[in-house]
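Protein chains in written order, with numbering that gives the first Met the number 0: chain G, 0 to 290; chain D, 0 to 355; chain C, 0 to 290. Okay, structure first, notes after.
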Amino acid sequence: MARWFQRQMFRPTFTVVAFFAVIAIFFYGSIGWTFLMSLTKSSLMPRYDFVGFEKYADLMDNKRWIVSCINMVVFGALFIVGSLILGSILAIFIDRGIRFEGVFRTIFLYPLAISLIVTGLGWRWLLDPTLGIQAMVRDMGWENFAFDWITEPDRAIYTLVIASVWRSAGLVMIIVLAGLRSVDGDLWKAIRMEKIPQWRAYVQVIFPGMRPVFASCIVLLMSEVIRGYDLIVAMTNGGPGISTEMPAKFAVDFFFSRMNLSLASAASILMLLLSLLMLAPYLYSEFRRRD
Amino acid sequence: MYNISLNKIRKTYGDLTILHSVEMEITEGEFVVILGSSGCGKSTLLNIVAGLDTCDSGQILIGDKDVTDLEPSDRDLSMVFQSYALFPSMTVRRNLSFGMEVARVPKAEREAKVAKVAQLLQIDALLDRKPSQLSGGQRQRVAIGRALVRSTGVCLFDEPLSNLDAKLRTETRVELKKLHNDLGFTMLYVTHDQVEAMTMADRVAVMNKGRVEQFAPPQEIYEKPANLFVASFVGSPEINQIAGHLSGNGSLDIGKTHIDLSGYAFENGTRPAQDAILAVRCEDIKIVPPAAGHITAQLDFVELLGADALAWVLYHGKRLSVRMGVDQARALESEVGLQFDLTKASVFCTKDGHRL
Amino acid sequence: MSSPANAAAMPRVAVVGMYAFLIVSALFFLAPFLVILINSVKPMADIRSGNLLTLPSEITFEPWRIAWSSACTGLDCSGIKPGLWNSILITVPAVVISVLTGALNGYALAQWRSRFADWLMLFILIGLFVPYQAMLYPTVKILSGMGIFRSYTGIIFVHVVYGLPYTTLLFRNFYVGVPDEISRAARMEGASFLRTFWSVILPISTNIIVVVAILQFTGIWNDYLLGLIFAGNDNLPMTVQLTNIVNNSRGAAEPNVNMAAALLAAIPTLIVYFVSGRYFVRGIATGAVKG
Chain G
0 MARWFQRQMF RPTFTVVAFF AVIAIFFYGS IGWTFLMSLT KSSLMPRYDF VGFEKYADLM
60 DNKRWIVSCI NMVVFGALFI VGSLILGSIL AIFIDRGIRF EGVFRTIFLY PLAISLIVTG
120 LGWRWLLDPT LGIQAMVRDM GWENFAFDWI TEPDRAIYTL VIASVWRSAG LVMIIVLAGL
180 RSVDGDLWKA IRMEKIPQWR AYVQVIFPGM RPVFASCIVL LMSEVIRGYD LIVAMTNGGP
240 GISTEMPAKF AVDFFFSRMN LSLASAASIL MLLLSLLMLA PYLYSEFRRR D
Chain D
0 MYNISLNKIR KTYGDLTILH SVEMEITEGE FVVILGSSGC GKSTLLNIVA GLDTCDSGQI
60 LIGDKDVTDL EPSDRDLSMV FQSYALFPSM TVRRNLSFGM EVARVPKAER EAKVAKVAQL
120 LQIDALLDRK PSQLSGGQRQ RVAIGRALVR STGVCLFDEP LSNLDAKLRT ETRVELKKLH
180 NDLGFTMLYV THDQVEAMTM ADRVAVMNKG RVEQFAPPQE IYEKPANLFV ASFVGSPEIN
240 QIAGHLSGNG SLDIGKTHID LSGYAFENGT RPAQDAILAV RCEDIKIVPP AAGHITAQLD
300 FVELLGADAL AWVLYHGKRL SVRMGVDQAR ALESEVGLQF DLTKASVFCT KDGHRL
Chain C
0 MSSPANAAAM PRVAVVGMYA FLIVSALFFL APFLVILINS VKPMADIRSG NLLTLPSEIT
60 FEPWRIAWSS ACTGLDCSGI KPGLWNSILI TVPAVVISVL TGALNGYALA QWRSRFADWL
120 MLFILIGLFV PYQAMLYPTV KILSGMGIFR SYTGIIFVHV VYGLPYTTLL FRNFYVGVPD
180 EISRAARMEG ASFLRTFWSV ILPISTNIIV VVAILQFTGI WNDYLLGLIF AGNDNLPMTV
240 QLTNIVNNSR GAAEPNVNMA AALLAAIPTL IVYFVSGRYF VRGIATGAVK G
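Okay, structure coming up:
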């Protein structure tokens with residue numbers, strides 16, 4: 000036994016076990032606990048009288064939750080497509096050996112260094128009808144110009160899309176750029192020999208070969224969508240009304256200000272399931288590639 | 000004091016058996032080379048001796064002390080790695096002294112030992128450099144220095160020359176052998192390069208699929224291979240093999256022709272009738288004018304190698320190599336006679352490859 | 000370079016179009032920052048009479064001074080200064096501990112040979128994508144049990160633990176590429192696992208340490224949710240203080256002060272971004288693709 004211990008001093012076992020324990024407790028233990036609470040009627044404090052999946056059924060009747068989910072889907076789809084398109088175009092252009100490449104890169108990437116809180120505030124001010132773009136255009140003489148999406152319940156969600164794309168397009172750009180730079184140079188020579196137009200080369204040859212790159216972009220962006228909280232708080236705080244509520248904010252609000260633990264837990268578990276669902280194909284291909 | 004015995008070392012990974020009960024006795028001061036192609040288990044065996052890997056069963060004795068369950072650092076041995084594995088952030092000096100530092104050897108003693116080894120290997124001038132500032136050959140020296148500095152008496156080498164260019168490899172080979180003669184350490188050296196094995200080893204262990212096929216001095220391995228695997232693995236070009244049937248009267252029948260084996264010394268003097276393979280090295284075949292009674296073959300082509308030449312001839316559809324002088328090779332006719340030096344040839348059982 | 004730049008030259012129109020697109024994009028990316036910057040040095044009178052996009056009639060640093068030391072968050076009017084100090088006090092130790100634990104765990108995982116190794120990796124990868132909401136409430140309970148909920152220690156602890164999967168994975172991916180023979184050589188020399196890690200491995204990890212430190216620094220500095228829940232009133236980080244200031248003075252607010260406060264909150268990570276550009280980019284790329 001003593002010898003076994005002595006030998007472990009030369010092995011990573013203890014560290015791995017400690018690490019595993021921390022992850023198991025704080026991540027998986029917490030998830031388990033949250034799941035348990037979602038099966039109860041706990042409101043202010045946890046109470047363990049189980050009512051099965053009643054709270055999940057309640058969620059489906061909860062208008063705010065339904066709106067949150069619809070918002071997330073609309074926002075997520077537009078945000079992911081927008082970031083991918085803008086990011087890829089920027090990456091292609093930057094990859095073409097443009098002048099001032101460094102300057103452009105710096106400009107496209109700096110939003111990543113800024114917190115979502117500041118991002119949200121900045122765009123809130125810029126889009127504020129009485130202060131921002133609308134006011135500017137009106138001051139320039141177009142008295143009837145309207146760009147007041149942030150105060151329109153139907154449109155406010157799109158302002159979140161604008162701000163998120165602003166922040167994440169650079170991320171897509173840098174990942175796609177790394178992918179483009181690792182494309183085999185001979186492939187480009189072949190494309191040139193075959194006289195394939197450049198845009199077709201990207202769409203039909205280069206990008207299809209970079210599927211894993213786009214896959215990781217999408218996974219990353221999706222997880223931002225599901226977790227999205229800070230930006231909403233800073234920019235619209237869910238409003239006007241509940242027109243920009245999303246699940247992450249729903250859960251936090253019900254945990255910490257509305258004190259409905261079980262409902263918040265159920266919402267959180269659904270968010271987790273959604274994350275895993277999104278992640279599953281990615282993990283599957285990751286692990287299959289390794290084997 | 001520093002002899003090594005390996006007793007029935009077994010190692011498996013899942014269903015895959017890496018080592019089948021390997022046995023080896025290495026005497027003190029011996030230079031033993033473990034020779035084999037990649038995947039034969041030679042590196043695993045070395046790692047087990049070093050203590051970096053565990054065996055499933057078996058026993059390792061170093062200097063008659065059972066070290067099977069000991070940490071590498073408690074086994075009184077040192078090791079030189081294929082990639083040198085110098086500690087990149089440390090100077091050469093610290094690389095050499097780190098092990099002693101861990102073992103809390105007093106500073107003065109550490110410095111004295113480092114200085115001594117540095118002088119021996121002529122790396123004094125490099126002591127304050129980082130590994131990244133050294134050439135491949137210099138790194139190699141430092142790696143050897145690190146192994147020597149703790150001067151334990153047993154030194155393990157894991158393909159230490161494979162990352163050097165050809166010229167440097169030859170030089171280092173000679174130097175290592177000299178070092179061994181001077182220091183008298185027990186050395187266990189793993190390689191896939193048969194030239195290294197032939198030139199440096201006191202004894203060579205040829206490994207194949209987790210087994211030691213033969214453990215003998217290099218010349219014996221070359222001249223009297225214990226089985227067909229060893230015969231064909233060692234030597235370049237590969238040993239010529241002629242398959243036939245060994246008849247009771249001591250000749251090898253190949254189709255309608257016969258090779259008289261009366262000059263061959265069979266093991267145990269017996270020669271049961273069976274399918275057999277005659278293996279002859281290219282330098283043990285002589286080209287003679289084709290005449291009745293001789294074995295005749297057709298010349299295929301000739302390779303001139305500078306110092307000598309290889310003639311490739313076709314015999315019963317098999318291509319055989321024959322080594323000869325350049326002049327003779329230039330004068331070859333399209334039909335040649337062959338004469339085998341049976342005292343140096345080997346005959347193997349076709350079924351299991353063992354020497355007959 | 001594999002870049003298509005040396006491929007067939009683009010027609011002139013295409014080149015002009017490309018640069019036009021890049022410049023418009025650059026303006027889009029710069030706009031919020033410039034607007035905030037300009038208005039943070041604008042007298043209030045300018046803002047009332049014009050809009051956010053008019054240039055200031057005179058440059059004043061008064062808004063900065065107010066934001067720094069006398070803007071109000073609720074009843075407390077000491078500006079964002081305490082928030083800056085809190086953020087520093089939280090971020091610096093959290094980053095240091097994150098890097099060290101991440102490196103140790105990453106090295107241990109890279110060294111760990113086991114048939115469970117792949118499962119542990121899956122375990123960690125999933126941990127990377129778990130929405131915080133599914134862990135938050137139990138974490139609150141666990142920290143309360145440990146007596147460090149809403150405390151300085153608590154917030155640092157949460158940042159380190161929640162960051163563990165990420166930091167560990169980044170380091171593991173780096174250490175998998177470090178030749179195993181180096182660790183073996185150290186073991187031959189008698190160095191224990193921890194000694195090898197400390198004396199041999201850590202000193203050659205500078206690059207990845209910088210990358211992880213930058214990622215964790217921006218992540219923790221920009222965090223809002225965890226600070227809000229776990230830090231406690233005396234340790235609120237800058238992001239939380241910023242929203243408090245902004246939301247406190249909503250309506251007839253002083254936008255110039257708010258914007259100065261936002262800039263103050265963004266400056267530290269922007270400095271890190273500009274100083275460490277190359278590492279920042281590399282960090283995002285490796286972190287994203289491998290994560």
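Virtual Cβ for every residue (Gly too), placed ideally from N, Cα, C. Fair warning: this is a prediction, and the values are worked out from it, not measured in the lab.
| query | result |
| --- | --- |
| Distance, residue 101 of chain C Cα to residue 203 of chain C Cα | 15 Å |
| 8 Å Cβ cutoff, residue 190 of chain C in contact with chain D | yes |
| Element boundaries [alpha helix (DSSP H), containing residue 118 of chain D] | 106-119 |
| Below-8 Å beta-carbon distance, residue 70 of chain D vs any chain G residue | yes |
| Cutoff 7 Å; reference residue 36 of chain G; Cβ partners in own chain excluding five residues on either side | 45, 260, 261 and 264 |
| Residues of the stretch 1-17 of chain G with Cβ closer than 8 Å to any Cβ of chain D, in chain order | 2, 5, 6 and 9 |
| Whole-angstrom distance between residue 76 of chain D and residue 175 of chain D, CA atom to CA atom | 17 Å |
| Unbroken stretches of the alpha helix (DSSP H), 4 residues or longer, contained in the stretch 3-49 of chain C | 11-39 and 43-48 |
| Classification of residue 108 of chain D by the beta-carbon crowding that lies within 10 angstroms, buried from 16 upward | exposed |
| Residue 320 of chain D - partner residues in DSSP beta bridges | D/311 |
| From C/182, C/197, C/95 and C/18, residue whose alpha carbon lies closest to that of residue 98 of chain G | C/18 |
| CB contact flag (residue 126 of chain C, residue 164 of chain C, <8 Å) | yes |
| Contacts of residue 295 of chain C in chain G (Cβ-Cβ under 9 Å) | Examination of residue 295 of chain C is not possible in this model, given that chain C is present from 0 through 290 alone. |
| Beta-carbon proximity of residue 259 of chain C to residue 30 of chain C, cut-off 8 Å | no |
| Alpha helix (DSSP H) segment containing residue 100 of chain C, residue limits | 80-110 |
| is_contact[residue 181 of chain C, chain D] using C-beta, thresh 8 Å | yes |
| Positions along the stretch 107-126 of chain D whose CB lies within less than 8 Å of some CB in chain C | none |
| As assigned by DSSP and simplified to three states, the class of residue 80 of chain G | helix |
| Nearest to residue 110 of chain C (by Cα), restricted to the options C/176, C/95 and C/217 | C/176 |
| DSSP bridge partner residues for residue 299 of chain D (one or two, in chain order) | According to DSSP, residue 299 of chain D bridges with nothing at all. |
| Inter-residue Cα distance where the pair is residue 153 of chain D and residue 255 of chain D | 56 Å |
| Sequence-distant residues of its chain with Cβ nearer than 6 Å to residue 244 of chain D (five each side left out) | 252 and 274 |
| Distance between beta carbons of residue 69 of chain D and residue 50 of chain D, contact taken as under 8 Å | 6 Å |
| Sub-8 Å separation of residue 351 of chain D and residue 324 of chain D beta-carbons | no |
| Interface flag, residue 212 of chain C vs chain D, CB-CB below 8 Å | no |
| Which listed residue (C/145, C/279, C/253 and C/246) has its alpha carbon closest to that of residue 116 of chain G | C/246 |
| C-alpha distance - residue 1 of chain C paired with residue 205 of chain G, whole-angstrom precision | Residue placement at residue 1 of chain C is poorly supported in this model, since its pLDDT is 45, which falls under 50; the coordinates still yield a value, given next. So the alpha carbons of these two residues sit roughly 12 Å apart. |
| Chain-ordered chain D contacts of residue 185 of chain C [CB-CB under 9 Å] | 84, 86, 97, 98 and 101 |
| Residue 59 of chain D beta carbon less than 8 Å from that of residue 67 of chain D | yes |
| Residue 240 of chain C: contacting residues in chain G (beta-carbon distance under 9 Å) | Going along chain G, no residue has its Cβ under 9 Å from residue 240 of chain C, so there is no contact; the nearest lies around 10 Å. |
| Below-8 Å beta-carbon distance, residue 51 of chain D vs any chain C residue | yes |
| Sequence-distant residues of the same chain with beta carbon closer than 7 Å to residue 288 of chain D, five excluded per side | 336 |
| Proximity test, Cβ basis, 8 Å: residue 236 of chain C and chain D | no |
| Straight-line gap, residue 187 of chain D to residue 192 of chain C (C-alpha atoms, nearest Å) | 26 Å |
| Whole-Å CB distance - residue 230 of chain D paired with residue 238 of chain D, under 8 Å assumed | 5 Å |
| Extent of the continuous alpha helix (DSSP H) to which residue 15 of chain G belongs | 12-22 |
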